[in-house]
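One structure below.
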Amino acid sequence: MNDLEYDDLTDSVLLAVEQAVENADADLDYESHGGLLSISFADGSKIIINKQSPLHQLWVATKFNGHHFEWKNGQWIDNRSGSEFWQLLNDAATKQAGVPLNLAP
């Protein structure tokens, strides 16, 4: 993947998450700037998603731990656990919000 493809893929992920947060039926807020998206929860916790351009990765920090995702076979896959990005994001957001959430597009 070249840099332009990476930027297109990650920008579309960040935009999809922003839209999902706006449409979520939960007390969530977000801030986005410079390839970093921070989702804030009612309990004060956050999930932070940020682009790691030099590595062509997408990093996610949750209340519980951090994850490094790489583009493999058309999906963002955590390079340690093998988890898929959207599933992990939904699981972490649900835990942090205390209500079921689906932030996948």
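Counting along the sequence shown from 1, when you hit position 18 you're at 17 in numbering that gives the first Met the number 0, and nothing is skipped either side.
By construction, the Cβ of each residue, glycine as well, lies at the ideal position given by its N, Cα and C atoms.
Problem - For LEU57, three-class secondary structure by DSSP - result: Start at 1 with the first residue of the sequence shown, and residue 57 comes out as number 58. LEU57 falls in the strand class under three-state DSSP.
Practice task
Measure the Cβ-Cβ separation of VAL16 and ILE48 and say whether it is below 8 Å.
Solution key: By 1-based counting over the sequence shown, the position of residue 16 is 17. By 1-based counting over the sequence shown, the position of residue 48 is 49. Cβ distance < 8 Å, so VAL16 and ILE48 count as in contact.
Practice task
Report, in whole angstroms, the separation of the C-beta atoms of LEU27 and ALA91, which I expect to be a contact under 8 Å.
Solution key: Locating residue 27 in the sequence shown gives position 28, where the first residue counts as 1. Locating residue 91 in the sequence shown gives position 92, where the first residue counts as 1. Contact doesn't hold; Cβ gap of about 12 Å is too wide.
Problem - Those residues which DSSP pairs with LYS62 across a bridge - result: Locating residue 62 in the sequence shown gives position 63, where the first residue counts as 1. DSSP lists no partner for LYS62.
Exercise for the section: At 3 residues or longer, and completely inside the segment 1 to 52: list those beta strand (DSSP E) runs for me, N to C. Expected result: 27 to 32, 35 to 40 and 45 to 51
Handout entry: Distance between LYS62 and GLY33 (C-alpha atoms, nearest Å)
Key = Your numbering for residue 33 matches position 34 in the sequence shown. Your numbering for residue 62 matches position 63 in the sequence shown. Near 22 Å, if we compare the C-alpha coordinates of LYS62 and GLY33.
Handout entry: Cβ neighbours of THR93 in the same chain (closer than 7 Å, five flanking residues each side left out)
Key = For the purposes of this step, residue 93 is identified with residue 94 of the sequence shown, where counting begins at 1. Taken in chain order, the residues that qualify are PRO99 and LEU100.
Exercise for the section: Go through its chain and collect everything with a Cβ distance to HIS67's Cβ below 6 Å, but skip five positions before and after it. Expected result: What you label residue 67 is simply residue 68 of the sequence shown in a count that begins at 1. For HIS67, where only same-chain residues beyond five positions count, the Cβ hits under 6 Å are GLN56, TRP58 and ASN78.
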